[in-house]
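Colleague: Numbering (the working numbering), first residue to last: -18 to 218.
Glycine included, C-beta positions come from ideal geometry on N, C-alpha and C.
It should be emphasised that the depicted structure is a prediction, and the values quoted were computed from it without experimental measurement.
1) Taking residue 116 as part of the alpha helix (DSSP H), name the residues at either end of that continuous run.
2) Short check: CB of residue 84 to CB of residue 177, under 9 angstroms?
3) Under a three-way DSSP split, which group does residue 199 fall into?
4) Would residue 95 be called buried (16 or more neighbouring beta carbons within 10 Å of its own) or exposed?
5) Could you tell me the boundaries of the alpha helix (DSSP H) in which residue 215 lies?
6) On the premise that residue 80 lies in contact with residue 220, defined as a C-beta separation below 8 angstroms, what is that separation, rounded to the nearest angstrom?
7) Just confirm the distance between the C-beta atoms of residue 219 and residue 72, as a whole number of angstroms; I'd bet it's less than 8 angstroms.
8) Measure the Cβ-Cβ separation of residue 135 and residue 144 and say whether it is below 9 angstroms.
9) Quick check on this structure: which residue in 11, 28, 29 and 30 has the alpha carbon closest to the alpha carbon of residue 21?
10) Closer than 7 angstroms by C-beta to residue 186: which residues in its own chain qualify, once you throw out the five before and the five after it? Chain order, please.
11) Terminal residues of the continuous beta strand (DSSP E) containing residue -5?
12) In the DSSP assignment, find the unbroken beta strand (DSSP E) run with residue 31 in it and report its ends.
13) Can the beta-carbon of residue 29 be found less than 9 angstroms from the beta-carbon of residue 216?
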């Protein structure tokens, strides 16, 4: 347990918007003696849409700060993406907290050893979506062994042109790069900061990479539509 908050966190307004109920208002009435039965709030609301919360980070303002996440608070705000399709809801959340997900291009994959097996199905998904896979030697060998077509690229210290050159030249459209440990290797931080400067989406966990693949699939198949919160929540009643 990192902390216990005996208060309403930022999750309360998010959930309130997601289900169309002013939870803080109900809580205030309960605190002065009203019951949930009196207030007519005894049935769980199961929305027909999905709501995805995404954090907003000020990394561009702090040069050299590693964007990989840990227990320390780094976000300065939050956004939400809403849609009846989970993939589109996730894609919308990335649009609201740029850079947005690409619909095509090249994916650079470089993950720590413990993630090499888990990233294989993710790489397959990107291949199905029409993306070209680029990797450094270790990850490339794991993907090749799994019969996934991959183009090898030099690590930063191995020669030129290397992955950093390809990022700066705009040759990479999406990055999957999981930190090697609590103390990241120097080249990992350089790659992540280069991606940030080039406004390239970068995922530092395999789960986020898979969610991104699902979002891209939805973007390729469906048109993004904008609706108000009221329209979404009225459909739940």
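Modeller: Per the coordinate set shown:
1) Taking the chain shown and counting its residues from 1, the one referred to as residue 116 is at position 135. Segment 113 to 116 is the beta strand (DSSP E) holding residue 116; no alpha helix (DSSP H) there.
2) Counting from 1 along the chain shown, the entry for residue 84 is found at position 103. Counting from 1 along the chain shown, the entry for residue 177 is found at position 196. No, these two residues do not count as a Cβ contact at 9 angstroms.
3) Against the chain shown, residue 199 aligns to sequence position 218. Helix, per DSSP.
4) Within the chain shown, numbered from 1, the residue matching residue 95 stands at position 114. Exposed is the call here.
5) As a first step, residue 215 must be located in the chain shown, where it is residue number 234. It spans 210 to 215 - the alpha helix (DSSP H) in which residue 215 sits, taken as one unbroken run.
6) Since the first residue shown for the chain is -18 and the last is 218, residue 220 is missing from the structure and cannot be characterised.
7) Examination of residue 219 is not possible in this model, given that the chain is present from -18 through 218 alone.
8) As a first step, residue 135 must be located in the chain shown, where it is residue number 154. As a first step, residue 144 must be located in the chain shown, where it is residue number 163. Contact flag set, yes.
9) Position 40 of the chain shown, counted from the start, is the residue given in the question as residue 21. The candidate whose alpha carbon is nearest that of residue 21 is 11.
10) What you label residue 186 is simply residue 205 of the chain shown in a count that begins at 1. 159, listed in sequence order.
11) Here residue -5 refers to the residue found at position 14 when the chain shown is read from its first residue. No beta strand (DSSP E) holds residue -5; the alpha helix (DSSP H) holding it covers -8 to 0.
12) Residue mapping note: residue 31 aligns to position 50 of the chain shown, counting from 1. Segment 31 to 37, the beta strand (DSSP E) holding residue 31.
13) Start at 1 with the first residue of the chain shown, and residue 29 comes out as number 48. Start at 1 with the first residue of the chain shown, and residue 216 comes out as number 235. Yes, the Cβ-Cβ distance between residue 29 and residue 216 is below 9 angstroms.
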